[in-house]
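What follows is a set of notes on a single structure, which appears directly below.
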Amino acid sequence: MSKTMDNQLQQEVDKRRTFAIISHPDAGKTTLTEKLLLFGGAIREAGTVKARKASKHATSDWMEIEKQRGISVTSSVMQFDYKGHRINILDTPGHQDFSEDTYRTLTAADSAVMLIDVAKGVEAQTIKLFQVCAKRGIPIFTFINKLDREGRSPFDLMEELEQVLGIRSVPMNWPIGTGRDLCGVYDRTLNQVELFQGDDHSTIQVQKVEDYNDPVIREMAGEFLHDQLCQDLELLDVAGDPFDMEKVQRGELTPVFFGSAINNFGVQTFLENFLKLAPKPEPRKSTAGLIEPTDEKFSGYIFKIQANMNPAHRDRIAFLRIVSGKFQRGMSVKHVRAGKEIKLSQPQQFLAQDRDIVQEAFPGDIIGLFDPGIFRIGDSLSQASEIVFDELPTFSPEIFAKVTVKNALKHKQYQKGIDQLTEEGTIQVFNTVSFDDTLLGVVGQLQFEVFEYRMKGEYGVDVQLQRMPYQFARWIIDDNIDPSKFRINSTLVKDKKGNYVVLFENEYAMRTAMEKNPTAKFLETAP
Ligand code: GDP
Numbered sequence: 196m197s198k199t200m201d202n203q204l205q206q207e208v209d210k211r212r213t214f215a216i217i218s219h220p221d222a223g224k225t226t227l228t229e230k231l232l233l234f235g236g237a238i239r240e241a242g243t244v245k246a247r248k249a250s251k252h253a254t255s256d257w258m259e260i261e262k263q264r265g266i267s268v269t270s271s272v273m274q275f276d277y278k279g280h281r282i283n284i285l286d287t288p289g290h291q292d293f294s295e296d297t298y299r300t301l302t303a304a305d306s307a308v309m310l311i312d313v314a315k316g317v318e319a320q321t322i323k324l325f326q327v328c329a330k331r332g333i334p335i336f337t338f339i340n341k342l343d344r345e346g347r348s349p350f351d352l353m354e355e356l357e358q359v360l361g362i363r364s365v366p367m368n369w370p371i372g373t374g375r376d377l378c379g380v381y382d383r384t385l386n387q388v389e390l391f392q393g394d395d396h397s398t399i400q401v402q403k404v405e406d407y408n409d410p411v412i413r414e415m416a417g418e419f420l421h422d423q424l425c426q427d428l429e430l431l432d433v434a435g436d437p438f439d440m441e442k443v444q445r446g447e448l449t450p451v452f453f454g455s456a457i458n459n460f461g462v463q464t465f466l467e468n469f470l471k472l473a474p475k476p477e478p479r480k481s482t483a484g485l486i487e488p489t490d491e492k493f494s495g496y497i498f499k500i501q502a503n504m505n506p507a508h509r510d511r512i513a514f515l516r517i518v519s520g521k522f523q524r525g526m527s528v529k530h531v532r533a534g535k536e537i538k539l540s541q542p543q544q545f546l547a548q549d550r551d552i553v554q555e556a557f558p559g560d561i562i563g564l565f566d567p568g569i570f571r572i573g574d575s576l577s578q579a580s581e582i583v584f585d586e587l588p589t590f591s592p593e594i595f596a597k598v599t600v601k602n603a604l605k606h607k608q609y610q611k612g613i614d615q616l617t618e619e620g621t622i623q624v625f626n627t628v629s630f631d632d633t634l635l636g637v638v639g640q641l642q643f644e645v646f647e648y649r650m651k652g653e654y655g656v657d658v659q660l661q662r663m664p665y666q667f668a669r670w671i672i673d674d675n676i677d678p679s680k681f682r683i684n685s686t687l688v689k690d691k692k693g694n695y696v697v698l699f700e701n702e703y704a705m706r707t708a709m710e711k712n713p714t715a716k717f718l719e720t721a722p
């Protein structure tokens, strides 16, 4: 490849940032996403993202369930440009009904933005998503939202980040007053005050200052709030963690920003700092070692498959994260698992609202490929023939149901459906050792609904799901497994590869089993 091509690739890699926003429903993810897209000019009016969320989406792109419920079932991707950067936001469904897809999407991100409601602090779904990010060791940036409302003290929230998530934090800015008294924030790196102005807080005044003791702040914010600010920041200077880029990169320290997404307050500062600190597209592990984004040969992996985006055509879209090289429409690549060349002729990119046809794309970008049924989650595509990226992680199911087919004559279709949907990662399947019942395991209730819907829609099979009381699955490795040991509040099953798995109804049962089988290993996911 020519030198100029190398340079282009390097430049395209350097300007990209690919991240996911993780939060609990209602923290303001839709609002923040929309403000970010507005900065980039990717959407013209506020309300566009929301309208999609509220299911006013006129076209029939989204799955039926998605329309019925007005939620985004599967995560999509939004791309925009800002000051020379190209930004990809991976959307994770903010709904309670999240699924394994939500987790998998995080593997396509190089960093995460954790959005927290100032009044509610760290909530359940945030914890789950955080843990997946923490396992990968990616940098996590925190945005504390709804500063215009009465909330918890910033120190309190920092303490909670450490206690609940085990991550230290370093505030990049600090509120001047809170709730109704909020008048702005102090930017600790730029030494400037950003003030809310006007009744609707719609304008923001930025003032450079010497440091936080600067009397100018006193004039602007009043004596009381300035004293408070000085006290807080002195304490932070003395007792707080200093900013440490390496710790941020390892995901051990999270830079914290305070703001209010709906008032567009603190969003731009956040974006600019984020772009400076967040990693550009990172290499990924493969059978051929680390694949660097600047490796000239195109490669990527599929982290998600969305079925039935257009019910009339029943087409599927496979989402591919580009790891290296340049993607060009119409190029031929090796589908490594299938062992054949395929032509990528109809790739799509997912912009704020419309699907566009992509001509070229670079590492960090996500493209959607039309899938006539040839892709599986975790598949690698590559110009260098034999690269296989580390398989995407599987997650420990937490919700279980026994599945039966209503019409026994449909058994063959039923089996085919289960096999395919398991391959695709829609559900995990287990067979009980004693009765040969089929159990399904998922991380989110929504996966069951998608399963039922697709079994009927694509395989013509009505299934019946009966919830089972299990909450934990542990893959057990032991020389001598005795099924009779797992009868009380638990059951022994096999996964589709024949590995033994124990399902437990509660933590107590799980701990007891571990104590009673000290030589056995209990793993959260398949070995
Ligand atoms: P999501 O569920 O995380 O996508 O949250 P949304 O963006 O839909 O926001 C949830 C609610 O919080 C909506 O009513 C928003 O208008 C509101 N909201 C978002 N940001 C702010 C903020 O900065 N201040 C206040 N007071 N409300 C906000």
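Per this note's numbering, the very first residue in the sequence shown carries number 196; after that it's consecutive. All residues carry an ideal CB built from backbone N, CA and C; glycine is no exception. The structure presented is a predicted model; accordingly, all values stated were derived computationally and were not measured.
Residue i: CB within 8 Å of a non-hydrogen atom of ligand 1
| i | result |
| --- | --- |
| S218 | yes |
| L377 | no |
| F460 | yes |
| R344 | yes |
| T225 | yes |
| K587 | In the sequence as displayed, the identity of residue 587 is Leu instead of Lys. Flag unset: Cβ of L587 not near ligand 1. |
| L356 | no |
| K341 | yes |
| A708 | no |
| A307 | no |
| G454 | yes |
| L352 | no |
| A222 | yes |
| I457 | yes |
| L310 | yes |
Bridge partner(s) assigned by DSSP for residue i
| i | result |
| --- | --- |
| K480 | L485 |
| E389 | V380, V401 |
| K529 | E536, S577 |
| Q661 | K597 |
| R669 | V697 |
| F336 | V308 |
| T720 | According to DSSP, T720 bridges with nothing at all. |
| G279 | Its beta-bridge partners do not exist; DSSP assigns none. |
| E555 | Q523 |
| F643 | Its beta-bridge partners do not exist; DSSP assigns none. |
| I216 | V308 |
| S685 | F699 |
| P370 | V380 |
| Y496 | R516, S575 |
| G636 | F595, Q623 |
| S364 | T449 |
| D690 | F625 |
Neighbourhood of residue i by C-beta, 8 Å cutoff - its chain only, sequence neighbours within 5 removed
| i | result |
| --- | --- |
| V531 | D574, S575, L576, S577, S580, E581, I582, V583 |
| G223 | L310, D312, N340, K341, A456, I457 |
| V401 | Q387, V388, E389, L390 |
| A704 | I683, N684, S685 |
| Y496 | R479, L515, R516, V518, G573, D574, S575, L576, F584, L587 |
| G655 | K605, Q608 |
| P722 | W670, I672, N694 |
Other residues of its chain near residue i: CB distance less than 6 Å, five sequence neighbours each side excluded
| i | result |
| --- | --- |
| Q623 | P592, G636 |
| T254 | Summary for T254: the model assigns pLDDT 31, below 50, so the residue's position carries little reliability; its value from the coordinates is reported in the next sentence. The answer is none, since no qualifying residue turns up. |
| D549 | Residue placement at D549 cannot be trusted, given a pLDDT of 49 that sits under 50; what the coordinates show is reported in the next sentence. Closer than 6 Å at Cβ, skipping near neighbours: no residue. |
| P488 | V208, P476, S519, P558 |
| R264 | Confidence in R264 is poor, its pLDDT being 41 and thus under 50, which makes the residue's placement unreliable; the coordinate value appears in the next sentence. Cβ neighbours of R264 beyond the five flanking positions: none. |
| D276 | G235 |
| L325 | One detail in the question is off: residue 325 reads as Phe in this sequence, not Leu. So the list reads L360, once near-sequence residues are dropped. |
| T337 | M309, T449, V451 |
| L356 | I362, S364 |
| A246 | Low local confidence applies: a pLDDT of 47 at A246 is under 50, so the model's placement there is unreliable, with the coordinate-based value given in what follows. Answer for A246: no residue qualifies. |
| L718 | W670 |
Residue i CB to nearest heavy atom of ligand 2 below 8 Å
| i | result |
| --- | --- |
| L232 | Ligand 2 is absent from the structure shown, which contains only ligand 1. |
Sequence-distant residues of its chain with Cβ nearer than 7 Å to residue i (five each side left out)
| i | result |
| --- | --- |
| A241 | Confidence at A241 is low in this model, with a pLDDT of 49, below 50, so its placement is unreliable and the value that follows should be read with caution. So the qualifying residues of the chain are E229, L233. |
| Q426 | none |
| A314 | K341, R344, E345, G346, R347 |
| F590 | E295, Y298, V638, T720 |
| K521 | L204, F493, E555, F557 |
| E710 | none |
Exercise. Could you tell me which uninterrupted alpha helix (DSSP H) segments, each at least 4 residues in length, are contained entirely in the stretch 609 to 633, listed from first to last along the chain?
Key: none
Quiz item: Of all the alpha helix (DSSP H) runs that stay within the bounds of the stretch 401 to 480, which reach a length of 4 or more residues?
Solution: 410 to 416, 418 to 434, 440 to 444, 462 to 472
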